[in-house]
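Those protein sequence lines, which keep their order, are chains A and B. The first sequence begins at 739 in my numbering and counts up by one. The second sequence begins at 739 in my numbering and counts up by one. Think of the CB as a built atom: it goes at the ideal place given N, C-alpha and C, for glycine as much as any other residue. Remember, it's a predicted structure, so these values are computed and weren't measured experimentally. Report on one structure; see the data block that follows.
2 protein chains.
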Amino acid sequence: MPKKTARQKLLEAAQTLMLSKGYPATTVDEICEAAGVSKGSFYHFFGTKEDLALAVLEAFQARNDRLIAAGPQGGVTDPTERALVLVDHLIAAAGEMWGAGCLLGNFALDLAETHPAIRQDVSDRFQRVAAALSEGMAPLASEAGIPHAPSAEELAEQFIVVVEGALVLAKAHKDWSYVTRALERFRQDVRRAVSVAT
Amino acid sequence: MPKKTARQKLLEAAQTLMLSKGYPATTVDEICEAAGVSKGSFYHFFGTKEDLALAVLEAFQARNDRLIAAGPQGGVTDPTERALVLVDHLIAAAGEMWGAGCLLGNFALDLAETHPAIRQDVSDRFQRVAAALSEGMAPLASEAGIPHAPSAEELAEQFIVVVEGALVLAKAHKDWSYVTRALERFRQDVRRAVSVAT
DNA sequence: TTGACTAAACCGACCAGTCGGTATACATTT
DNA sequence: AAATGTATACCGACTGGTCGGTTTAGTCAA
Chain A
739 MPKKTARQKL LEAAQTLMLS KGYPATTVDE ICEAAGVSKG SFYHFFGTKE DLALAVLEAF
799 QARNDRLIAA GPQGGVTDPT ERALVLVDHL IAAAGEMWGA GCLLGNFALD LAETHPAIRQ
859 DVSDRFQRVA AALSEGMAPL ASEAGIPHAP SAEELAEQFI VVVEGALVLA KAHKDWSYVT
919 RALERFRQDV RRAVSVAT
Chain B
739 MPKKTARQKL LEAAQTLMLS KGYPATTVDE ICEAAGVSKG SFYHFFGTKE DLALAVLEAF
799 QARNDRLIAA GPQGGVTDPT ERALVLVDHL IAAAGEMWGA GCLLGNFALD LAETHPAIRQ
859 DVSDRFQRVA AALSEGMAPL ASEAGIPHAP SAEELAEQFI VVVEGALVLA KAHKDWSYVT
919 RALERFRQDV RRAVSVAT
């Protein structure tokens with residue numbers, strides 16, 4: 739069982755570098771140096787740079803899945819309340835999940851046209867989190883007491899849209915508060931659309 | 739009369755290529771070939787690839803400014819109505835403005851860490867459109883008949899967030915309808931936040 | 001012995017940027 | 001009107017360096 743170090747260090751170094759500079763600007767040599775690992779090792783573990791990117795994507799989303807599942811919404815019994823707690827938790831954990839950016843969004847913009855396999859992988863992963871969030875937000879949709887209220891799928895989709903868009907602005911302005919504000923507005927929009935106080 | 743051909747063709751080719759593949763993956767040779775212009779010409783007009791990127795950015799935003807200004811909101815007298823017409827126009831013209839993506843967003847994610855000058859330029863341009871939209875949306879903020887209603891600045895910021903985020907998803911899924919839906923939801927959110935019917 | 005791993009030299013493709021040169025147009029001089 | 005100067009547009013082979021990836025030669029632990 740190949741375990742602990744080299745591969746893991748490569749994944750972490752690659753994630754950091756690719757989040758900050760993007761995939762094309764991150765060189766294999768650079769990743770190896772940052773990980774303190776030889777290039778021979780790199781190609782022992784990953785067939786190509788693209789393979790590494792897919793593995794990093796997997797690790798990135800696995801971590802976020804864990805962070806979402808670790809929220810307090812599990813302990814809430816009332817369905818509507820649980821959905822609202824989920825939204826609050828997503829917002830509270832945003833820094834941990836996307837503090838350095840979102841690999842899915844970065845890769846989508848960078849590689850959609852040039853690396854079809856990565857684009858497909860990113861697309862699938864977006865679908866998966868959309869489905870998961872949609873399930874968690876379902877009570878908010880059935881609750882809807884207002885005309886043109888969005889479905890659970892729409893709420894989930896809009897959440898992802900807001901996160902990705904806010905990250906773009908945060909990076910452009912080097913100011914993470916764009917994310918905080920955008921998510922807070924999303925929170926208010928959801929509550930208005932469903933007519934829940936606060 | 740300003741000269742017509744080579745420089746202009748380079749700008750157009752570069753815009754198309756950079757929107758689709760991103761800045762780093764777009765080579766100078768490729769731009770020259772697409773423009774039907776020699777490399778010598780390229781470096782006659784632009785000092786570096788980065789200079790070209792800045793020029794393309796300028797052209798991109800100039801075009802969008804024109805498209806926004808060309809909307810029907812100018813002819814509306816009632817302030818609130820005019821602001822709502824502006825929002826509708828932005829959504830209607832989204833395809834023309836961002837049908838192939840948004841250079842500001844692409845560059846922000848791609849180049850923020852590696853090309854400080856471009857990042858600064860993008861940041862300034864985002865600020866500029868935010869200010870312009872904010873001015874156009876001001877009546878909606880003062881109208882606010884609902885608690886926690888967003889300010890005009892917040893409305894403008896959220897609009898940009900939604901556009902950029904939706905473009906990320908559209909590219910990931912190769913499906914532009916993500917933009918249409920996200921903007922439609924934004925429209926509803928705005929009207930709810932300001933309590934205007936429809 | 002075998003399989004995980006290191007170290008570094010190496011390769012071919014490719015890339016941004018350079019350089020020497022030609023072409024045209026329009027002045028200025030003779 | 002011819003000759004000359006000059007500024008700008010434009011060309012494409014070429015250079016120096018970088019990148020992803022390979023190869024070789026070896027280390028170390030189970």
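Separation of residue j from residue i, as counted between CA atoms
{"i": "A/Glu768", "j": "B/Gly809", "result": "49 Å"}
{"i": "B/Pro740", "j": "B/Arg929", "result": "Since pLDDT at B/Pro740 reaches only 39, below the 50 mark, its modelled position is unreliable, and the value read off the structure follows with that caveat. Cα to Cα, the separation comes out at about 45 Å."}
{"i": "A/Lys747", "j": "A/Ala870", "result": "29 Å"}
{"i": "B/Glu834", "j": "B/Cys840", "result": "11 Å"}
{"i": "B/Ser779", "j": "B/Val899", "result": "38 Å"}
{"i": "A/Pro762", "j": "A/Phe783", "result": "20 Å"}
{"i": "B/Gly760", "j": "A/Thr815", "result": "47 Å"}
{"i": "B/Pro854", "j": "A/Val906", "result": "15 Å"}
{"i": "A/Glu922", "j": "B/Glu892", "result": "11 Å"}
{"i": "A/Gly812", "j": "A/Gly774", "result": "40 Å"}
{"i": "A/Thr765", "j": "A/His886", "result": "48 Å"}
{"i": "B/Tyr916", "j": "A/Ser776", "result": "42 Å"}
{"i": "B/Gln799", "j": "B/Met756", "result": "15 Å"}
{"i": "B/Ser872", "j": "B/Leu824", "result": "11 Å"}
{"i": "A/Gly843", "j": "A/Leu828", "result": "17 Å"}
Proximal residues of chain B, C-beta to C-beta of residue i below 7 Å
{"i": "A/Thr852", "result": "Lys759, Ala763"}
{"i": "A/Lys909", "result": "Ala846, Leu847, Ala850"}
{"i": "A/Ala793", "result": "Chain B residues near A/Ala793: none, gap ~19 Å exceeds 7 Å."}
Proximity winner among the options, relative to residue i (alpha-carbon distances)
{"i": "A/Trp914", "options": "A/Pro854, A/Ala838, A/Phe780", "result": "A/Ala838"}
{"i": "B/Glu796", "options": "B/Glu902, B/Gln811, B/Ala752, B/Glu819", "result": "B/Ala752"}
{"i": "A/Ser889", "options": "A/Leu878, A/Thr754, A/Ser861, A/Ile898", "result": "A/Leu878"}
{"i": "A/Glu851", "options": "B/Gln926, B/Lys787, B/His911, B/Val766", "result": "B/His911"}
{"i": "A/Glu819", "options": "A/Phe924, A/Ala876, A/Val917, A/Gln865", "result": "A/Ala876"}
{"i": "B/Glu895", "options": "B/Leu907, B/Phe924, B/Lys909", "result": "B/Phe924"}
{"i": "A/Asp789", "options": "A/Arg863, A/Arg919, A/Asp859, A/Ala904", "result": "A/Asp859"}
{"i": "B/Thr786", "options": "B/Ala821, B/Ala931, B/Ile856", "result": "B/Ile856"}
{"i": "B/Ala744", "options": "B/Val867, B/Ala772, B/Ala832, B/Leu824", "result": "B/Ala772"}
{"i": "A/Ala846", "options": "A/Ile806, A/Ala821, A/Ala791", "result": "A/Ala791"}
{"i": "B/Arg804", "options": "B/Gly903, B/Tyr916, B/Val867", "result": "B/Val867"}
{"i": "B/Phe897", "options": "B/Ala908, B/Ala887, B/Asp927", "result": "B/Asp927"}
Boundaries (first-last residue) of the alpha helix (DSSP H) holding residue i
{"i": "B/Glu922", "result": "915-932"}
{"i": "B/His827", "result": "817-830"}
{"i": "B/Phe784", "result": "Unbroken run through B/Phe784: none, as it is neither H nor E."}
{"i": "A/Thr754", "result": "744-759"}
{"i": "A/Ala850", "result": "It is not in any alpha helix (DSSP H) - A/Ala850 carries neither H nor E in the DSSP assignment."}
{"i": "A/Lys912", "result": "Premise fails: A/Lys912 is in no alpha helix (DSSP H) and is neither H nor E."}
{"i": "B/Cys770", "result": "766-773"}
Proximal residues of chain B, C-beta to C-beta of residue i below 9 Å
{"i": "A/Gly700", "result": "Here chain A has residues from 739 to 936 only, and residue 700 of chain A is not among them."}
The segment 919-932 of chain A: which residues have C-beta closer than 8 Å to a C-beta of chain B, in chain order?
Arg919, Ala920, Arg923, Gln926, Asp927, Arg930, Ala931
Name the residues in the segment 878-899 of chain A whose C-beta lies less than 8 Å from a C-beta of chain B; which are they?
Ile884, His886, Pro888, Glu892, Glu895, Gln896, Ile898, Val899
Report the residues of the segment 856-867 of chain A with a CB closer than 7 Å to any CB of chain B, ordered along the chain.
Arg857, Val860, Ser861, Phe864
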